[in-house]
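Okay, structure first, notes after.
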Amino acid sequence: MVSRARLADVLIDLSDTLAPDFRLSGYLRSLAAHCARFAGADAVGVVLAEGDGSLRALDARPGERVFADLFDLQCAQGPAVLCCATSVDVAGAVDAWAGFGVAAEEAGFRYAHAVPMRLRGVATGAVVLYRVADEPFDEEEIAAVRALAHMAAVGIGTERAVRQRQVLADQLQSALDSRVVIEQAKGVLAERKGIRLTESFQELRRLARNHNLKIGQVAEEVVRSALPTPVAARG
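Right under this line is the structure:
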């Protein structure tokens, strides 16, 4: 029987994806370990959907070639592929899938159950439970894995969204900083050469072309050259 208290603790743990030391690989291995315990699975594979529609596998038992081959193959064949395509559970005896079934049986498994990691109704990955015995998992166990898979999808989606926003914010700040420096450099050149601001910008562009540099880099050099030399440095 699934412990509700234990399940609640794990869900809280999986919801924390915004810590500074968050690592996706470690997070997914933790997810796989939790799912294995709640479902009584003999092995667990996790696949994530990439932006181009392909699947990427996490080897939940690194170092064992037979399992690594199986977990790689599950990205191209087997229940995980159909699960991610349909966003619903896919389960059955492994011999229902030709190539995948052979690899699974060589690894010692007879039954597999893929649970989608759904975010806003769309599968962003799947948790694949493997069993040595050719028998289905208990529905209560699967319900617990569904809860964990859903929380992981939300957690990973949140972490990615925050990271993307930070990248955009950094890019915007960099663009603004560069623009400020360019305006300062235009002023320096206009005063130094006695030209208009529009002409000083053209001068920046000319210098950038001649030295194969970005305008921002040239602007930084112009501004730096206009700064007064400290007394200590002059002495």
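Numbering of the sequence shown is given in the UniProt record's numbering, commencing with residue 1 and proceeding in unit increments. Ideal placement from N, C-alpha and C gives every residue a C-beta, glycine not left out.
Paired residues, beta bridge with Leu129 - DSSP:
Translated into the one-based positions of the sequence shown, residue 129 becomes position 129. Answer is Val44, His113.
Reducing DSSP to helix, strand and coil, say where Val122 ends up.
As a working mapping, residue 122 is identified with position 122 in the sequence shown. Of the three classes helix, strand and coil, the one that applies to Val122 here is strand, per DSSP.
Taking the alpha-carbon positions, what's the Ala226 to His211 distance?
If you number the sequence shown from 1, residue 226 lands on position 226. If you number the sequence shown from 1, residue 211 lands on position 211. Their Cα atoms are separated by approximately 19 Å.
Quick check: what's the CA-CA separation for Ala112 versus Gln166?
Counted from its first residue, the sequence shown places residue 112 at position 112. Counted from its first residue, the sequence shown places residue 166 at position 166. In a straight line, the C-alpha of Ala112 is about 39 Å away from that of Gln166.
Is it right to say Ile12 is buried, meaning 16 or more other beta carbons lie within 10 angstroms of its own, or is it exposed?
The residue given as residue 12 occupies position 12 in the sequence shown. Classification of Ile12: exposed, given that the 10 Å Cβ count is below 16.
Measure the Cβ-Cβ separation of Ala57 and Val47 and say whether it is below 9 Å.
Within the sequence shown, the letter at position 57 stands for residue 57. Within the sequence shown, the letter at position 47 stands for residue 47. Yes, the pair counts as a contact, with Cβ atoms nearer than the cut-off.
So does the region 65 to 80 actually touch the region 175 to 183, counting three or more Cβ pairs closer than 8 Å?
no
Residue environment, Ala18, which counts as buried when at least 16 other CB atoms sit within 10 Å
For the purposes of this step, residue 18 is identified with residue 18 of the sequence shown, where counting begins at 1. Residue identity differs from the one stated: residue 18 is Leu in this sequence, not Ala. It counts as exposed.
Quick one, are the C-beta atoms of Ala147 and Leu7 less than 9 Å apart?
Your numbering for residue 147 matches position 147 in the sequence shown. Your numbering for residue 7 matches position 7 in the sequence shown. A contact, by the Cβ cut-off of 9 Å.
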